[in-house]
Amino acid sequence: MQNKEVVWRQKFAMIEQWQQSGLSQKAYCEQNNIAYHIFHYWYKRHRVAGHGADNQASSFIKLEVPSRAGYAHIELVLPDGKRILFHHLVSSDYLKAIIS
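Using our numbering, the letters of the sequence shown correspond one by one to residues 962 to 1061.
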């Protein structure tokens, strides 16, 4: 039982390293030779376990919409793990309307 706990602490430490890295999950996984779907599972467990910034008093996070020309898509990841992918630029007002 204690070994499982140690292993999860190590996985959660990797999640926290990713959060501080500024990289996307995919980029972090590629750099660290981790399968993306496995990392995402760890991240989901991390949130459920009550770690990190996901469990602060407010469930809102800062929304940044890139304004760079040529940006191919926007991916919005909701707290429950659901993803919304836009293949064109959308305004922050539009995103707020969708998630409210």
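We treat Cβ as the ideally placed atom computed from N, Cα and C, and that holds for glycine.
Quick check on Tyr-1004: buried or exposed, where buried means 16 or more other Cβ atoms within 10 Å of its Cβ?
Answer is buried; the Cβ neighbour count reaches 16.
Rounded to a whole number of angstroms, what is the C-alpha to C-alpha distance between Arg-1008 and His-998?
The straight-line gap from Cα to Cα measures roughly 15 angstroms.
Per DSSP, Phe-1000 is paired with what?
Phe-1000 is not bridged to any residue.
Does DSSP put Ile-976 in a helix, in a strand, or in coil?
In this structure, Ile-976 counts as helix in the three-state DSSP scheme.
What three-state label does DSSP hand Ile-1060 in the structure shown?
Ile-1060: helix per DSSP, three-state reduction.
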